[in-house]
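Visitor:
Residue numbers (UniProt numbering): 1 to 283.
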């Protein structure tokens, strides 16, 4: 089998599990077998410590799993959009039967962390075999020079900053009716809709005032190829927000078409950078 290179491979699958076989199977030594969730646990140990969410089902670190899954997807999109082999190699270089991508994470020593793959020699399977997460000093990465870039989510840094001079206009019906399951329990009763609208309008006005005092409260997220800003929304009077309002600039206003739970918002925001705002933290 010929070795895969960026000259030959012009597109890659958008799903990580279609790109690579992400388990370790060793019939001779079953104790060495490894599931992808265990690789994620290894990455958690390797990377700078942060809150990667409350365990859910078989996922011990659900936010980190989501982060890696979508980071690869964005890098694959950039790879597929690249025109030349040199541009593709900036995202997923393929050389000597190996490939890698930049996770965007760092070790405690601020070494970049990469996902490393070896070409899969098993026919009719994924083209690559996942070897694990490694720091940039790992000798296995010596064949790649330069090392690949991290995922890029925006071209205009100004899109990450809230313009306090612009009005927020929410789609109330979509947020309060279509997504009512994301609201606090006491706000989901259908006979309280008029009361809910009043409270929601007050919460949006309050959010606008908070942002005019501190625009850094708006946290950027990447969603379906676009940059949006997440705004804390306080409905119940708790010290922590109940929801995150997702707003997107449209001309000279911000349109708010949906709301997210705090966990959903953190998952989306973490793709770009670790949120520094106190209000947006995973459970």
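Backbone N, C-alpha and C define an ideal beta-carbon position, used for all residues, glycine too.
(1) Assuming residue 102 is part of the beta strand (DSSP E), what are its boundary residues?
(2) Do the CB positions of residue 164 and residue 227 come within less than 8 Å of each other?
(3) What does the Cβ neighbour count give for residue 170, buried or exposed, with the cut at 16 atoms within 10 Å?
(4) Only counting the same chain, and skipping five residues up and downstream in sequence, which positions put a Cβ closer than 8 Å to that of residue 161?
(5) Rounded to a whole number of angstroms, what is the C-alpha to C-alpha distance between residue 81 and residue 172?
(6) Going by C-alpha distance, which of 123, 94, 46 is nearest residue 134?
(7) In angstroms with no decimal places, state the Cα-to-Cα distance between residue 258 and residue 127.
(8) With 16 other CB atoms within 10 Å as the buried threshold, where does residue 156 fall?
(9) Rounded to whole angstroms, what's the CA-CA distance from residue 8 to residue 109? Just pull it up for me.
(10) Would you report the Cα separation of residue 188 and residue 207, rounded to the nearest angstrom?
(11) Below 8 Å between beta carbons: does that hold for residue 44 and residue 64?
(12) Using the three-state DSSP reduction, which class does residue 168 fall into: helix, strand or coil?
(13) Which parts of the stretch 196-261 are runs of the beta strand (DSSP E), unbroken and 3 residues or longer, counting only runs that do not cross its ends?
(14) Cα-Cα, which of 265, 104, 233, 117 is closest to residue 176?
(15) I'd like to check one pair, residue 269 with residue 129: are the Cβ atoms closer than 8 Å?
(16) Would you decide whether residue 238 is buried or exposed? Buried here means 16 or more other CB atoms lie within 10 Å of its CB.
(17) Tell me the DSSP bridge mates of residue 279?
(18) At 4 residues or longer, what runs of the alpha helix (DSSP H) sit wholly inside the stretch 132-180?
(19) Answer yes or no: do residue 144 and residue 117 have a C-beta to C-beta separation smaller than 8 Å?
(20) Using the C-alpha atoms, what's the distance from residue 167 back to residue 202?
(21) Hey, could you find the ends of the beta strand (DSSP E) residue 118 is sitting in?
(22) Restricting to runs no shorter than 4 residues, where is the alpha helix (DSSP H) found entirely within the stretch 60-93?
(23) Assign residue 274 to one of three DSSP states: helix, strand, or coil.
(24) For residue 112 versus residue 136, is the C-beta spacing smaller than 8 Å?
(25) Compare the Cα-Cα distances from residue 3 to each of 195, 140, 120 and report the closest residue.
(26) Quick one: what does DSSP say residue 56 is sitting in, helix, strand or coil?
Guide: Walking through what the data contain:
(1) Stepping through the chain shown from its first residue, residue 102 is reached at position 102. Residue 102 -> beta strand (DSSP E) spans 98-106.
(2) Stepping through the chain shown from its first residue, residue 164 is reached at position 164. Stepping through the chain shown from its first residue, residue 227 is reached at position 227. Their beta carbons are not under 8 Å apart, which means residue 164 does not touch residue 227 by this criterion.
(3) Walking along the chain shown from the start, residue 170 turns up at place 170. It is buried - the Cβ of residue 170 has at least 16 other Cβ atoms within 10 Å.
(4) Counting from 1 along the chain shown, the entry for residue 161 is found at position 161. Around residue 161: 215, 218.
(5) Looking up residue 81 in the chain shown gives position 81. Looking up residue 172 in the chain shown gives position 172. When rounded, the distance between both Cα atoms is 36 Å.
(6) Sequence index remark: in the chain shown, residue 134 carries index 134 (1-based). Measuring from the Cα of residue 134, the nearest candidate turns out to be 46.
(7) In the chain shown, residue 258 corresponds to position 258, counting from 1. In the chain shown, residue 127 corresponds to position 127, counting from 1. Each residue's Cα considered, the two are about 38 Å apart.
(8) Locating residue 156 in the chain shown gives position 156, where the first residue counts as 1. Its Cβ having fewer than 16 others within 10 Å, residue 156 is exposed.
(9) Locating residue 8 in the chain shown gives position 8, counting from the first residue. Locating residue 109 in the chain shown gives position 109, counting from the first residue. Distance between the alpha carbons of residue 8 and residue 109: 36 Å.
(10) In the chain shown, residue 188 corresponds to position 188, counting from 1. In the chain shown, residue 207 corresponds to position 207, counting from 1. In a straight line, the C-alpha of residue 188 is about 21 Å away from that of residue 207.
(11) Taking the chain shown and counting its residues from 1, one reaches residue 44 at position 44. Taking the chain shown and counting its residues from 1, one reaches residue 64 at position 64. Yes, the pair counts as a contact, with Cβ atoms nearer than the cut-off.
(12) Counting from one through the chain shown, the residue named residue 168 turns up at place 168. Three-state result, residue 168: strand.
(13) 219-223, 226-233, 243-250, 253-260
(14) Mapped onto the chain shown, residue 176 falls at position 176. Across the set 265, 104, 233, 117, the C-alpha of 233 shows the shortest separation from the C-alpha of residue 176.
(15) Counting from one through the chain shown, the residue named residue 129 turns up at place 129. Counting from one through the chain shown, the residue named residue 269 turns up at place 269. No; because the gap between Cβ atoms is not below 8 Å, this pair is not in contact.
(16) For the purposes of this step, residue 238 is identified with residue 238 of the chain shown, where counting begins at 1. Counting Cβ neighbours within 10 Å, residue 238 comes out exposed, since fewer than 16 surround it.
(17) The sequence position of residue 279 within the chain shown is 279, counting from 1. Note: residue 279 sits in no beta bridge, so no partner.
(18) none
(19) The residue labelled residue 144 in the question sits at position 144 within the chain shown. The residue labelled residue 117 in the question sits at position 117 within the chain shown. It is not a contact, given that the beta carbons lie outside the stated cut-off.
(20) Position 202 of the chain shown, counted from the first residue, corresponds to residue 202. Position 167 of the chain shown, counted from the first residue, corresponds to residue 167. Taking the straight line joining both Cα atoms gives about 14 Å.
(21) Translated into positions along the chain shown, residue 118 becomes position 118. 112-119 is the extent of the beta strand (DSSP E) around residue 118.
(22) Taking only runs of at least 4 residues, the alpha helix (DSSP H) segments lying wholly in the stretch 60-93 are 62-81, 85-89.
(23) Translated into positions along the chain shown, residue 274 becomes position 274. Three-state result, residue 274: coil.
(24) Taking the first residue of the chain shown as 1, we reach residue 112 at position 112. Taking the first residue of the chain shown as 1, we reach residue 136 at position 136. Yes, they are a contact pair.
(25) One-based indexing of the chain shown puts residue 3 at position 3. With distances taken between CA atoms, residue 3 lies nearest to 120 out of 195, 140, 120.
(26) As a working note, residue 56 is residue 56 in the chain shown. Here DSSP, grouped into helix, strand and coil, assigns residue 56 to strand.
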